[in-house]
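**Q** With full-length UniProt numbering, the residue at position 19 of the sequence shown is 19, and numbering never jumps.
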Amino acid sequence: MIRTPPKPSSNVFFSQRLRLHFVDWGNPDAPTLILLHGGRDHCRNWDWVAGELANDWHIIAPDLRGHGDSAWSPDGNYTMSAFTYDFAQLIHQQARGPVHIIAHSLGGSIALRYTGLYPENVAKIVAIEGLGPSPKMVAARQKIDFADRFREWVDEQRKLSSRMPKRYASIEEALGRMQAENSHLSQAQAEHLTRHGILQNEDGSYSWKFDNYVRSFSPVDMSLDDLQTLWGRITCPTRLVYGAESWASNPAEDGRLGYFNNATVTRYEQAGHWVHHDQTEKFVAEMREFL
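#1: Is it a yes or a no for the region 131-144 touching the region 254-267, going by three-plus beta-carbon pairs under 8 Å?
#2: Within the same chain, show all residues whose beta-carbon is closer than 6 Å to that of residue 115, passing over the 5 residues directly before and after it, in chain order.
#3: Residue 62 bridges to which residues according to DSSP?
#4: Take residue 120 as the anchor and find which of 258, 265, 237 has the nearest alpha-carbon.
#5: I'd like to know if residue 107 contacts chain B, where contact means its C-beta is closer than 8 Å to some C-beta of that chain.
#6: According to DSSP, is residue 194 part of a helix, a strand, or is it coil?
#7: What residue range is occupied by the uninterrupted alpha helix (DSSP H) comprising residue 49?
#8: In whole angstroms, what separates the C-alpha of residue 262 from that of residue 111?
#9: List the residues that DSSP assigns as beta-bridge partners of residue 300.
#10: Using the C-alpha atoms, what's the distance from residue 140 back to residue 31?
#11: So, are the CB atoms of residue 216 and residue 279 less than 8 Å apart?
#12: Given that a residue counts as buried once 16 or more other Cβ atoms are within 10 Å of its Cβ, and exposed if not, what is residue 152?
#13: Would you report the Cα separation of residue 194 and residue 183, rounded to the nearest angstrom?
#14: Identify every run of the alpha helix (DSSP H) within the region 126-152, keeping only runs that are complete inside it and at least 4 residues long; order them along the chain.
#15: Tell me, which residues are paired with residue 103 by DSSP?
#16: Specify whether the region 37-57 and the region 86-97 touch according to this definition: at least 3 beta carbon pairs, one from each stretch, less than 8 Å apart.
#17: Can you give the Cα-Cα distance for residue 298 and residue 171, rounded to whole angstroms?
#18: Can you give me the Cβ contacts of residue 58 inside the same chain, cut-off strictly under 6 Å, excluding the 5 residues immediately before and after it?
#19: Drop a sphere of 10 angstroms on the beta-carbon of residue 269, count the other beta-carbons inside from all chains shown, and report buried for 16 or more, exposed for fewer.
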């Protein structure tokens with residue numbers, strides 16, 4: 001039975017002049033475990049995992065720029081290099097290394113890049129569906145001319161510039177959207193994630209906290225070869241997790257596991273993209289063993 005988690009303290013750090021938020025679960029003399037959320041999510045999505053592990057770890061969970069209670073980038077800069085720099089700054093300023101990391105989706109991609117850049121700073125890493133699009137999806141994308149991809153991104157940015165955050169008349173309406181996004185969530189989970197993921201507007205309506213610009217991914221990034229080279233630089237034990245009902249492909253079957261030196265894959269049945277929500281008890285048990 002997953003217990004109700006205690007409340008962490010809210011803190012801030014600065015990166016590229018942005019005021020970024022993180023929560024700290026205390027126990028500062030214990031080894032550091034960083035929990036990094038995915039896109040359009042927030043740091044409090046880890047509360048159930050953190051609540052179970054906080055007695056043994058000093059847990060820090062940040063909000064990515066443009067997410068949760070962190071500042072929005074004034075120029076809409078949500079590139080992977082910017083996210084990775086922020087993560088490097090968090091560890092540089094707040095953590096005693098080498099750190100342990102559990103990261104999900106976009107957070108997993110950021111954390112794996114950081115670990116490849118600074119393998120000496122990470123003791124173990126768990127990436128929940130953090131390898132990005134499958135090789136098949138990448139190959140399809142690469143067939144599109146770069147100029148066309150760049151023009152598509154420009155058009156997307158223009159549309160986002162005029163897109164207003166969706167407003168919900170009530171918390172219950174926003175809760176319905178959360179439940180529609182992930183049918184595996186219990187009522188309590190959905191209510192908790194919604195409560196920490198929304199803010200109340202001046203007119204009394206509610207909107208999600210994330211900046212709409214985080215929906216758009218820059219067409220300019222490191223090459224696939226460079227990314228695979230970074231994966232190959234990771235020296236610590238690595239666990240790659242994915243859900244059997246997710247859109248993500250199995251890295252043990254699609255060839256990506258071969259780029260890692262010391263990685264294993266765990267597949268969770270009856271779980272989608274948010275494995276740590278869909279199979280929390282099993283996931284926490286695995287984390288206790290692996291970490």
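Even for Gly, the Cβ is constructed at its ideal location relative to N, Cα and C.
These numbers come from a predicted model, not from an experiment.
**A** A quick look at the data gives this:
#1: yes
#2: 122, 125, 234
#3: 22
#4: 237
#5: Reference to chain B is not applicable here, since this structure consists of a single protein chain.
#6: helix
#7: 47-53
#8: 16 Å
#9: With the chain covering only 1 through 291, there is no way to say anything about residue 300.
#10: 42 Å
#11: no
#12: exposed
#13: 14 Å
#14: 135-142
#15: 36, 127
#16: no
#17: Since the displayed the chain opens at 1 and closes at 291, residue 298 lies outside it and no answer follows.
#18: 27, 28, 30, 32
#19: exposed
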